[in-house]
Amino acid sequence: MSAAVKAMPQSRLLLSGNDAIARGVWEAGVKVAAAYPGTPSTEILESLSQYPDLYAEWSVNEKVALEVAIGGSMSGARSFCAMKHVGLNVASDAFMTVTVAGVVGGLVIAVADDVGMSSSQNEQDSRFWGRFAHVPILEPADSQEAYEMAKYAFELSEAYNTPVLLRLTTRVCHVKAVVQVGERNPIQISGFKSDARRWVMTPANAKGRLPEQIAREGKLQELAEASPLNVLEPGSDRRIGFVTSGPAYMHVRESFPDAPVLKLGFSYPVPMALIEKLAAQVDHLVVVEETEPLMEHDIKAAGLLTIHGKDLLPRLGELTPNILIPAIKTFLGEPIPPATTYPKFEPFPRPPTMCAACPHMGVYYSLARMRKKVQISGDIGCYTLGAGHPWNALDTTISMGASMGIALGMDKARSEETKDKAVVAVIGDSTFLHMGMQGMLDIVYNRGNVTTLILDNRTTGMTGGQNHAGTGKGLKGDDAPRVDFVKLVEALGVAPERIRKIDPYMLPVVFKTIKQEIETPGPSVIITDRPCVLSEFYEKIKPYRVVDEDCTGCGNCINVGCPAITVRKSESKTRADGKVNELKFTTIDTAMCTGCHMCVESCGPKAIVPAQPVAVAE
Amino acid sequence: MTDIITNILVCGTGGQGVMTAAEILAQAAITKGFDCKKSEVAGMAQRGGVVTSHVRFGKRVWSPVITPGTADILVAFEVAEGSRWADMLRPGGIAMVNTIRLVPPVVSMGLFKYPDDPVAQMRAAGVTVYDFDAGAIARDLGDLKLVNTIMLGAIADFLPFPASELEEQIVGRFRERKPAMVEVNKRAFDAGREAARQRAAGNSPMAANS
Ligand SMILES: Cc1ncc(C[n+]2csc(CCOP(=O)(O)OP(=O)(O)O)c2C)c(N)n1
Ligand code: SF4
Ligand code: SF4
Chain A
1 MSAAVKAMPQ
11 SRLLLSGNDA
21 IARGVWEAGV
31 KVAAAYPGTP
41 STEILESLSQ
51 YPDLYAEWSV
61 NEKVALEVAI
71 GGSMSGARSF
81 CAMKHVGLNV
91 ASDAFMTVTV
101 AGVVGGLVIA
111 VADDVGMSSS
121 QNEQDSRFWG
131 RFAHVPILEP
141 ADSQEAYEMA
151 KYAFELSEAY
161 NTPVLLRLTT
171 RVCHVKAVVQ
181 VGERNPIQIS
191 GFKSDARRWV
201 MTPANAKGRL
211 PEQIAREGKL
221 QELAEASPLN
231 VLEPGSDRRI
241 GFVTSGPAYM
251 HVRESFPDAP
261 VLKLGFSYPV
271 PMALIEKLAA
281 QVDHLVVVEE
291 TEPLMEHDIK
301 AAGLLTIHGK
311 DLLPRLGELT
321 PNILIPAIKT
331 FLGEPIPPAT
341 TYPKFEPFPR
351 PPTMCAACPH
361 MGVYYSLARM
371 RKKVQISGDI
381 GCYTLGAGHP
391 WNALDTTISM
401 GASMGIALGM
411 DKARSEETKD
421 KAVVAVIGDS
431 TFLHMGMQGM
441 LDIVYNRGNV
451 TTLILDNRTT
461 GMTGGQNHAG
471 TGKGLKGDDA
481 PRVDFVKLVE
491 ALGVAPERIR
501 KIDPYMLPVV
511 FKTIKQEIET
521 PGPSVIITDR
531 PCVLSEFYEK
541 IKPYRVVDED
551 CTGCGNCINV
561 GCPAITVRKS
571 ESKTRADGKV
581 NELKFTTIDT
591 AMCTGCHMCV
601 ESCGPKAIVP
611 AQPVAVAE
Chain B
1 MTDIITNILV
11 CGTGGQGVMT
21 AAEILAQAAI
31 TKGFDCKKSE
41 VAGMAQRGGV
51 VTSHVRFGKR
61 VWSPVITPGT
71 ADILVAFEVA
81 EGSRWADMLR
91 PGGIAMVNTI
101 RLVPPVVSMG
111 LFKYPDDPVA
121 QMRAAGVTVY
131 DFDAGAIARD
141 LGDLKLVNTI
151 MLGAIADFLP
161 FPASELEEQI
171 VGRFRERKPA
181 MVEVNKRAFD
191 AGREAARQRA
201 AGNSPMAANS
């Protein structure tokens, strides 16, 4: 449990940005909160769900999460939703129009950009949405600010009748810092009041509201000029003045302690008068923003053409001191201090592996066996690792739910060379419910020749194991209705005899089922049914070991991809026909092995046998 | 309180307890009244990837990340990970290294090579390395999970606050939840301190083979 949940007002705690936001949201008197998980934002709702007197849910996707929050706001309750950057792409349709309609209860959307891309499919700058949708943006730089701004954002939202974007980055969400918390405001809910001109966004009604939206942006700019979140910090070294926002501010202060800095916590609309004030004090003005030159362009558009920004600094990734210092010193013509004393050793890569006994391994083991005959359209989740070693059995990953639409497109665009290949889509249970159902329906409706593998592991594994509509549990671990995937895909129109439910641990069955389905034309679905090893539903079985004397070094078990299996000894052996065989004799880390027996099934000479458990290794 | 910032980089692989160790350090620092930031770079939910956590504390901490070349202490839960991050150390900083070798699948498959002796490599580059087998100590104490406490004990004499305060931060956690673990954690902490002291004095029996 987050330490903040039970914390008394005024306590001083070490909190992640995500936990701090949750506390701020709760203190603001929010009643409705919704999210779909996504790194680095996931923990906000996990933390929020532990507070009393507030409704919190995992929604099936970000668009629904925002819609739930909109409904709360329309009903006069302060409402909140959280998502990772790409989540707002999904939610954008609702977002772009609720900004026209406005709010009743404060409506705040926390959107977390993965600057530096530790765990995402792209790096995008969500501050674009403020400009696109004409909504204000608050950008905290650390946990304390995240807490304060989360709370303030609801006041701002109500006072200006606008949704507010709380723009976060990984370095806010996942950095722990000291926070002093406060007290909760009383909850007030006015209740929904029917008002078609306000809420029914027909062209006539929406058109009537547009001038208000534009006028609002002007008023917000005035507010930004006077906002205490925007601070002009004086400095003695006036060669450069920095304009900055978010965690980049921290890096600037660290790197150039004597420079004047305009720190923008309320960063859109850009307060131009403050910027001109700073510009008048310094020789050069440099905008330091992660990641796109948005403030820079706004400032240039307002007529300050000589400022610097992305001409000196990278447009990708974090602007940490080791990036900032050399760039600025080069600009000033100063010598660059040597960065490090000791050399950089790059020992070997250590890519993340699937967990021992991950049920996804059985599927990829089989797909790898028929690799030459299949095109494999993938999706996003732990199973994206199927693209890597040792399976190399995934051809595409674009965005959540895209696997089936892409598979259908591939099916409809075959060359002489690919005309006989089977097209397979692979998608996880959470991803299928998030955005996959529509793709499936499209395959059925348009008579696609696609076999879809739905990997039901009863959790959202990739983001750390959250519940979803297919797990039978809610955000708080409470019992919830559980979707029946077989009935669901049947309802979407897949023929009942073409829906196969299998145990991914039974390797021969997996192989045979996939083979049968891809060889029969028409849409088909294979649902694998085994929980993720990190989920509460997983039951550990007794571990196995390799009998050294029986292991022939064939290396088959390695192709399962289980990290508990490692090579004990390698040998080259020349066969009678002159071919050289690379033999790999293996061993199983019994402490890691959870006894799924997939490798047992892969082992011809039956060298893998039950072992007695031993002490747990680090 | 001086303006000096202490930078500690904790590294290892997924599932080793890097985050917990960093969390305990950070908690100890704020209990002492320091400003503190702790930054984590964890990969994804899956196991086995590279994990680091940056802990910075002092009167006022700005950036949450340690700039390469400025870490005072590198705490490595795995020996090759120690070498991976050695360049983060400032001149004269110390690397406290658990000598366990965790070989990833890409190495055991023969796609990459695990360095023969990462400690020797670091030393040859001039890094001050205090290396010891924390796993062996933990095994002797009867619980491999104690590695975490042992590693924290090992750096306890190199911090700007008394070792006892770090120990209390660890032990306090067990006192509430698992009182039976208090004593053994105290012993693990002391064993870590002792191992580091011996390495610092250069008289460890392991010196010959590292
Ligand atoms: C639009 C969007 N929202 C959220 C995410 C974060 N995310 C990545 S994969 C994933 C779901 C993975 O769950 P599942 O499909 O069940 O596969 P598993 O990881 O369990 O194998 C999520 C939520 C994302 N990449 N894109
Ligand atoms: S977290 Fe679950 S789904 Fe992800 S690799 Fe591990 S077992 Fe597989
Ligand atoms: S039985 Fe084999 S594949 Fe399954 S966890 Fe154990 S070693 Fe891994």
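Protein chains in written order, with full-length UniProt numbering: chain A, 1 to 618; chain B, 1 to 210. The beta carbon of each residue, even a glycine, is placed where N, CA and C say it ideally should be. What you are looking at is a predicted structure, and each value in this text was computed from that prediction instead of being measured.
In the DSSP assignment, find the beta strand (DSSP E) that holds residue i and state where it starts and stops.
| i | result |
| --- | --- |
| Ile94/B | 89 to 98 |
| Pro314/A | Per DSSP, Pro314/A belongs to no beta strand (DSSP E) and is neither H nor E. |
| Asn7/B | 6 to 13 |
| Arg12/A | 12 to 16 |
| Pro140/A | Counting along the chain, Pro140/A falls outside any beta strand (DSSP E), and DSSP gives it neither H nor E. |
| Val268/A | In the sequence on display, residue 268/A carries Tyr and not Val. Where Tyr268/A is concerned, the enclosing beta strand (DSSP E) stretches over 266 to 268. |
| Gly241/A | 240 to 244 |
| Lys63/A | No beta strand (DSSP E) holds Lys63/A; the alpha helix (DSSP H) holding it covers 62 to 74. |
Given this structure, state the Cα-to-Cα distance separating residue i from residue j, to the nearest angstrom.
| i | j | result |
| --- | --- | --- |
| Ala45/B | Cys382/A | Interpretation of Ala45/B is limited by its pLDDT of 46, a score under 50 that renders its predicted location unreliable; the figure taken from the coordinates is listed afterwards. Approximately 8 Å between the Cα atoms of the pair. |
| Leu13/A | Val172/A | 16 Å |
| Arg458/A | Pro359/A | 11 Å |
| Val107/B | Pro115/B | 10 Å |
| Gln121/A | Thr99/B | 35 Å |
| Ala154/B | Gly24/A | 38 Å |
| Asp125/A | Ala82/A | 16 Å |
| Gln169/B | Ala163/B | 10 Å |
| Val10/B | Val147/B | 13 Å |
| Met149/A | His468/A | 29 Å |
| Asp298/A | Val286/A | 13 Å |
| Gly474/A | Asp503/A | 25 Å |
| Pro211/A | Val100/A | 10 Å |
| Asn446/A | Asp479/A | 37 Å |
| Ala153/A | Leu138/A | 8 Å |
| Val103/A | Val525/A | 43 Å |
| Arg197/B | Ile94/B | 13 Å |
| Pro234/A | His434/A | 48 Å |
| Pro64/B | Arg56/B | 7 Å |
| Gln612/A | Ala156/B | 38 Å |
| Gly439/A | Arg530/A | 24 Å |
| Cys603/A | Ala368/A | 16 Å |
| Asn18/A | Leu102/B | 32 Å |
| Leu312/A | Ala327/A | 6 Å |
| Arg216/A | Ile307/A | 28 Å |
Report the partner residues of residue i according to the DSSP bridge assignment.
| i | result |
| --- | --- |
| Asp131/B | Val97/B |
| Cys36/B | Phe57/B |
| Ile499/A | Val525/A |
| Asn122/A | DSSP output for Asn122/A lists no bridge partner at all. |
| Ile109/A | Cys81/A, Leu165/A |
Note the first and the last residue of the continuous alpha helix (DSSP H) segment covering residue i.
| i | result |
| --- | --- |
| Glu276/A | 272 to 281 |
| Met19/B | 18 to 31 |
| Ala301/A | 294 to 301 |
| Asp93/A | 85 to 101 |
| Pro203/A | 203 to 226 |
| Gln516/A | 507 to 519 |
| Ile323/A | 321 to 332 |
| Leu48/A | 43 to 48 |
| His251/A | 247 to 255 |
| Ala56/A | Careful: Ala56/A lies outside any alpha helix (DSSP H), inside the beta strand (DSSP E) at 55 to 58. |
| Val107/B | 105 to 108 |
Please give me, in chain order, every unbroken run of the beta strand (DSSP E) with length at least 3 that falls completely inside the region 351 to 401 of chain A. 374 to 377
Whole alpha helix (DSSP H) runs in the region 112 to 198 of chain B with 4 or more residues, listed along the chain? 118 to 124, 134 to 141, 147 to 155, 163 to 177
At 4 residues or longer, what runs of the alpha helix (DSSP H) sit wholly inside the region 413 to 496 of chain A? 437 to 445, 485 to 491
Taking only runs that begin and end inside the UniProt domain "4Fe-4S ferredoxin-type" (543 to 572) of chain A, name each unbroken beta strand (DSSP E) of 3 or more residues, in chain order. 544 to 546
Please go through the region 61 to 87 of chain B and give each complete alpha helix (DSSP H) segment of 4 or more residues, from N-terminal end onward. 79 to 85
Give the list of continuous beta strand (DSSP E) stretches no shorter than 3 residues that lie fully inside the UniProt domain "4Fe-4S ferredoxin-type" (584 to 613) of chain A. 608 to 610
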